[in-house]
Each structure stands twice: as C-alpha cells, then as structure tokens.
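Below is one structure, written out as structure tokens; comments come after it.
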Amino acid sequence: MQVKTVATRPFEGQLPGTSGLRKKVKVFQQPGYLENFVQSVFDVLPALAGSTLVVGGDGRFHNDRAIQTILRMAAANGVARVIVGRAGLLSTPAVSELIRSRNAYGGLILSASHNPGGPDGDFGIKYNIANGGPAPEKVTEAIHQRTLAIDRYLTVEAADIDLQQEGQCRIAAMSVEVVDPVASYAALMRKLFDFGRIRALLTRGDFSICFDAMHAVTGPYAHAILEGELGAPAGSVINGVPSPDFGGGHPDPNPTYADQLIGRMFGADAPDFGAASDGDGDRNMIVGRNFIVTPSDSLAVLAANATLVPGYAAGLKGVARSMPTSAAVDRVAQALNIPCYETPTGWKFFGNLLDAGMCTLCGEESAGTGSDHVREKDGLWAVLFWLNILAVRGSSVEQIVREHWQRYGRNVYSRHDYEDVDAAVAKQIVADLRAALPTLAGREVAGLKVARADDFGYTDPVDGSVSRGQGLRVFFEDGSRIVLRLSGTGTEGATLRLYLERFEPDAARQGIETQAALQPLIDAAEALTGLRARSGRQRPTVIT
Ligand code: VG1
Ligand code: CO
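Residue 1380 is where the sequence shown starts when you use my numbering, and the numbers rise one by one after that.
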C-alpha cells in the first residue's frame, strides 16, 4: 500500500461544540478542512490503527463525499476494518449500537443533526468512543489542540467504494463492510420492547399513528420497524426518504419546524399518536391528538412507566437529566427512591453515569431521550417506548400526561430560542448577566424575588472532571427559575436559549396555557437581561 503524505496547514476554529464540529458545507468543502480534523482524530488516538471504526451519517449534502475521504484516510492510518452504513446512512443511535455490538474502537458520525442541509446548509462531524458515546471533553480538547498544529495528513490512492451495495471489500489492507443500517439496531429494539403488543395495537384498526421522519435519516428505520415489522399501515411514516437538503426543511422535531405533523395532529381525524425525529435520528417529539408532550414531561413519563416495558421491567438504577431540563423527572426519581443526576447540556456527560451503572434513563429538554441500551440519545427508541406504554395502559397520550401531572405535580416549562442573533450582542447579554449574578440574591425583579443565582458547573461523579460555565441560573423564592445559555451547535450568529420553569402542584390549575403560566418569568427574564430589547427581537424564533 502506498500511503500518501499530504502537506496541510491548520484551520482556525476546529473546536467541537455541544455535539461535534459543525460548520457550513462550504467550509467543510475547502481542501484539507475535513482531512485536518479526521487526521487529528487519528493522531490523538493511535489505537485506532489495527482496530474497527464505524462510519455513517444522516445523508445530508456532502455525506457521500466525506465518507469516501474518511475511508481512504482510515486505510492510510492503519485502521483494520471500517463498518459503514449502506448509502452512507446510519442514525446516531445506530452508530452507537454498532460500535458496541461490533466491539469497535470508535466511530465517526457525519451530521449537523437538526441544522439545515443542502449545499448552503451545515455539515458536521463527531467522534464517538468505544462505549458508543460522544467523546468526552478531554478527547475533544485533545483533537482541537492537534488541529492547531497539524501539518500533514495521510491518505491512499484508491477508487471510491460502492456504498449502495452491502458486502465486503478492501481499500489497501483495510476491510470495508457495507451494512444494512437498520438490522442491528432493530434487533436491539426487539429485545427491549414488546413488539407483539405494539403490533397488536397498531394493527387493531382503531389506533393510528403518524411518524414524521422530516426527510432525514430515520425514514428507513421507521419504514422497516413501524410499518414493516410492527404493521402500521403504509403512509403512517411521512417524509420517510432521506434527502440531502431535508426537503428544504429544518429537521428539528419541534412544533415550529415539524409543522406538517402538528397540522395532522391538530386537524380533523387526527391520529392517536404522532412523533417526529431530527436529522440524525437521536431526538424525538411526542404528540398526542391535539396535545404536545413537553420533552421534559416525556422523560418523566417514561421513568414513571418504565417497568411496563420488558427491557426496563426490573426497574431503574437512577435517572439523569441535563441542567436546563425541567425537574419533572426528579419528582419521579424521588417517588421511586432512586438517584437523579443533573449534568451540563450535551449527551457526552451521561456516558460515565451510564457506564458506571448509576443511571438507566437520561434526557434533555431538547427532546433527547435515551437509556443504557446505547450511549446516545435515541429518537425511535423513545417512540417505541411510548407505543409500548400506550399498548399496555390503553389510555391516550393526553390522559397519560394529565394523570402524571395529577400524581406528581406539573413542572410548567418552556424554552425560548432566539436564533441568529448578532454574536457580539448575544455574548454581551450573557456576560452582563454573569457579572450581575453575585448581586441578584434578595433583589426583586418584575415582582419575583431572587433566591439565588449562579453559573452552573459540574463535577463528574465518576472521573472527577470539571466543566464550568454551563449556563446561568436564576432561582426565585417561589421555586421557579430561569436559565440562560448560548447554543453550542449553531454555525451562524449566535442562538440564545432561555429556559423557563415553574412548579404547579394544584391539579385545578394545571390546565393553564403554558406561556400564560410562565408570563411572570418571561417578564423577569427580560428585566434581568434586556434580551429582546438588546437583540432587537420582538419574540423568540422558536418556542418549545
Ligand atoms: C442542542 C441541545 C442539546 C443537545 C444538542 C445536540 O445543543 O440544546 O440538548 O444535546 O443540541 O443535539 P445547544 O448547545 O445548541 O443548546 V443534536 O440532536 O444536535 O446531536
Ligand atoms: Co440530533
């Protein structure tokens, strides 16, 4: 094999954010840009030589080109075997599953998740470690450091691999195995859920579903599992063919961007159950007939009903949620007498807890839910979990959530996103609130009294690693809170996320409209930050 050494120079800003390195496609298309990042991964992880690597992506524009580049570089860097999804497709949870079931050393996921695709859209790359989960900060920092010094990358002269054909081939000494992206993942789902019971529900004739794959990677998975194996009528899956620009849409499963699904679920003859997944298939939105389930509530409902599902019948070891996620799941954990961990935003922080057997279920307010079955959040898994619960309980989605509130109280919750704000303005808004934090306790803001305020920091209970600056929190004396943080996944301007939460124990008042219930907090947040006035925005871009 003739390894080619290609001279290169560092690019600025190859710093992975909340979930991998995300930039405009045009940035990734610059000669050497992808190569530098990938070579940096090989340079900081020499054990990849001689090992197995899983590679796949969400099918967005540039996915196919990037995979061919990575395959040649993997061969040049001595990787023994690459497992790649047919057509270059693998959902993020499916990559995690394959890394684990095939004892791979790691994986490269090509995705910018919910960010738009197409030639003018976004691209991304993320490295996952041997447990199947996103690389922890110490690894991503080492990769970033390496990108700052890199002066060459390695590749081989070889023709493109035909990714449409399943089977084995070689690039130089490296084996390449093109696999069905769904099979191994579906086998795991079969072990966790009562497929017989879900099938009975979906073929009964009086229970209908709509799954919106948003033109992204879950299409093939949902077709094979929901319509194929579980018998949902054809047409239950919509937008189920992955497209390089996600049909021109924004594959983010929220009420704004999944408007087609919302239209159906709130229309005449709405299905009984609706769901959507994001670009790379790791997040989910759950919708009942005329009823949207808040992701934080969804996590709490899954935890409270877990023993109805075969894979979790023995009970949960613990639960974990990201800091901005509502405390609904904390109340379930308390009732079950199991620990509840609070981590920074981003799935990479759950890996150690899951590996150590300290928790079973995890979730984020951004519609990420998952468990110890893999080390990523998992959109279709959450859908199957809900269907399994519905099949056992025989109630509607709305009934299940309302009964949950009656029993545990309702954590009224919303996230307001201000997208594409001028980056300097956004940073200043955050910096000013951060500077004011020590002065806030005891102050009255828009009629609410501040109890305490801080900048969230996290010490990993397993390895002691510390992550600071993970979001500004202001707690009020009535138990409500606001959180402000800058998104770490965008590629243009800055996205400010404002999280609002208030607890409502009184069942008689739980039906109140969410935004109205949170208005005092919305006012307090504006008084504290001047966010709307300073960003020139009248209202958030997206409300979830
Ligand atoms: C967002 C979400 C976060 C999630 C991350 C990756 O991050 O808030 O909860 O883990 O996206 O999800 P940020 O930094 O933009 O708030 V995904 O589906 O993009 O891999
Ligand atoms: Co995603």
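Ideal placement from N, C-alpha and C gives every residue a C-beta, glycine not left out.
The Cβ neighbour count for C1741, taken over all protein chains shown within 10 Å, is at least 16; the residue is labelled buried. With respect to the C-alpha of V1841, the residue from P1515, R1662, S1554 having the closest C-alpha is P1515. Taking non-hydrogen atoms of ligand 1 into account, the C-beta of H1493 is found less than 7 Å away from one of them. Non-local beta-carbon contacts of D1443 in its own chain, meaning distances under 6 Å to residues more than five positions away in sequence, involve G1467 in chain order. Taking every protein chain shown into account, the CB of N1663 has 16 or more other CB atoms within 10 angstroms, so this residue is buried. With a threshold of 7 Å, the Cβ atom of D1661 counts as near ligand 1, since some heavy atom of the ligand is closer than that.
The C-beta distance from A1802 to A1912 rounds to 18 Å, too long to fall under 8 Å, and the pair is not in contact. Here the segment 1647-1666 makes contact with the segment 1757-1768; the two share three or more CB pairs at distances below 8 Å.
Distance between D1648 and G1667, taken at the CA atoms: about 12 Å. Counting the other Cβ atoms within 10 Å of the Cβ of N1415 gives 16 or more, which makes it buried.
Judged by DSSP in its simplified three-state form, K1756 adopts coil rather than helix or strand.
Within the chosen limit of 7 Å, ligand 1 reaches the beta carbon of G1725 through at least one heavy atom. Counting the other CB atoms within 10 Å of its CB gives V1382 a total below 16, which places it among the exposed residues. Assignment of I1488 by DSSP, reduced to helix, strand and coil, places it in the strand class. Distance from the CA of I1550 to the CA of E1536, rounded to the nearest whole angstrom, comes to 9 Å.
Between the beta-carbon of F1882 and that of G1915 there is about 33 Å, and that puts the pair past the 8 Å contact cut. By the neighbour-count criterion, in which 16 or more other beta carbons inside 10 Å mark a residue as buried, A1761 falls on the buried side. For Q1889, the secondary structure class from DSSP, reduced to helix, strand or coil, is coil. For V1680, the enclosing alpha helix (DSSP H) covers residues 1674-1684. Relative to the non-hydrogen atoms of ligand 2, the Cβ of D1657 comes within a distance shorter than 7 Å of at least one.
Put simply, the backbone Cα of D1902 is about 45 Å away from that of P1689. Listed in chain order, the alpha helix (DSSP H) runs fully inside the segment 1383-1417 are 1404-1407, counting runs of at least 4 residues. Between the segment 1777-1797 and the segment 1812-1830 there are fewer than three inter-stretch CB-CB distances shorter than 8 Å, so the stretches are not counted as touching.
When rounded, the separation of the alpha-carbon atoms in F1670 and T1526 is 47 Å. Nearest neighbour of G1399 by Cα position, chosen from L1432, Q1547, G1758, G1503, turns out to be G1503.
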